[in-house]
Amino acid sequence: MKKIIIILLFLSIIFCGCGRKNEPNDDLSAIYERDKLIIGVREDAAPFGFRDKNGNFAGYDIDLAKIISKNILGDENKVEFVPVTASNRIMKLSSGEVDFLIATMSVTNQRQHILDFSAPYYMAGQAILVNSSSTANSISDFEGKKLIIVFGSTSEKNLKRNVPGITVVGYKTYIDAYNALKANKADGIVADDTILLGFAVNDKSVKLLPKRYSKEPYAIAFRKEEESQRILNKVNFIVQNLQSTGRLNRLQEKWQIK
Ligand code: GLU
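First residue of the sequence shown: -18, per my numbering; consecutive thereafter.
Shown next, in the form of structure tokens:
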């Protein structure tokens, strides 16, 4: 009996050891271990990330998250969504609260210093949303006026840097920004065209001006750490595959952002 116990102990030590040797202690193994992805997404940025009428997360970013979950864990529902805003998303990623972000996030030089990004999965551009009664045509017409931005977004940076003579008013979410415009607290919102269109399609009292002021390549953001490299490579492979098979295009058609 004693011999058998010793042999069993010996075998279990060997097999435990083997398992650990093949499986590095990183983000991907943590994901496999908990059998669930934890992804930071928007709830204020339709049609990318928003709540449907039942309160569930929905949108293009959400569909992408589900496809990634299906590919990595074999089930599109093995994902927990954590709502993030433009201003708290990097903090929520860095603190480890989420595995990665699918959150209308543009790749910028500055962000690349602190984060790693997947291949882009969408291209937006900055535009201006105004009340329908507005006579403004482009950014130069807002000299001496007020424009709304969302804190932490690329338009906050661009506007503060490039357009003197405009008062910049900041809000935390796109929903707050939109309500402020409707309440005439400012003359327009500067943000990504597709997010602004999400408001304009359902509301004739606002309109999107035709000019675009930037290119905003959306990509999935990861911690810039050794531990995140395997999950980054895996997600990157999935995104590139969705691109080359035309599935991303079909998803864009579904959400009318093509
Ligand atoms: N794509 C822009 C950004 O990454 C604006 C959209 C957003 O607020 O997430 O800042």
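Heads up, the beta-carbon is just placed ideally off N, CA and C, and yes, glycines get one too.
None of these values were measured; they are calculated from a predicted model.
Fully enclosed beta strand (DSSP E) runs of no fewer than 3 residues occupy 103 to 105, 107 to 112, 127 to 131, 148 to 152 and 169 to 173 of the region 100 to 176, in order along the chain.
Scanning the region 27 to 81 for uninterrupted beta strand (DSSP E) segments of 3 residues or longer gives 30 to 32 and 60 to 64, listed from N- to C-terminal end. Taking the Cα positions, Ala105 is about 15 angstroms away from Phe180. Assignment of Val22 by DSSP, reduced to helix, strand and coil, places it in the strand class. Lys188: member of the beta strand (DSSP E) spanning Val187 to Leu189, first to last residue.
Relative to the non-hydrogen atoms of the ligand GLU, the Cβ of Val131 comes within a distance shorter than 7 angstroms of at least one. Note: Leu213 is not bridge-paired with any residue in the DSSP secondary-structure output. In the three-state DSSP reduction, Glu197 falls in the strand class (E or B). Of all alpha-carbon atoms in Ala84, Ala161 and Glu137, the one lying nearest the alpha-carbon of Glu24 is that of Ala84.
Only buried fits Gly169, as 16 or more other CB atoms lie within 10 angstroms of its CB. A residue is called buried when at least 16 other Cβ atoms come within 10 angstroms of its Cβ; Tyr13 does not meet this threshold and is exposed.
Residue pairing from DSSP leaves Arg15 without any beta-bridge partner.
For Ala46 and Ile19, the gap between their C-alpha atoms comes out near 10 angstroms. Residue environment analysis places Pro28 among the buried positions, since at least 16 neighbouring C-beta atoms fall within 10 angstroms of its C-beta. By the neighbour-count criterion, in which a residue is buried when 16 or more other Cβ atoms sit within 10 angstroms of its Cβ, Asp56 is exposed.
Across the set Asp173, Glu208, Ser186 and Lys192, the C-alpha of Asp173 shows the shortest separation from the C-alpha of Met86. In the three-state scheme derived from DSSP, where H, G and I count as helix and E and B as strand, Ala84 is classed as coil.
Distances taken from the Cβ of Ile176 to the heavy atoms of the ligand GLU include one shorter than 7 angstroms. When only Cα atoms are considered, Lys126 and Lys188 end up about 18 angstroms apart. For the pair of segments examined, the region 131 to 151 was found not to touch the region 96 to 104: the number of CB pairs separated by less than 8 angstroms stays below three. Within its own chain, the residues whose Cβ lies closer than 6 angstroms to the Cβ of Leu213, once the five positions on either side in sequence are excluded, are Asp97 and Phe203, listed in chain order.
For the pair Val88 and Val63, the CB atoms are not nearer than the 8 angstroms cut-off. In this chain, the beta strand (DSSP E) harbouring Asp97 covers Leu96 to Phe98.
Closer than 7 angstroms to some heavy atom of the ligand GLU: that describes the Cβ of Ser87.
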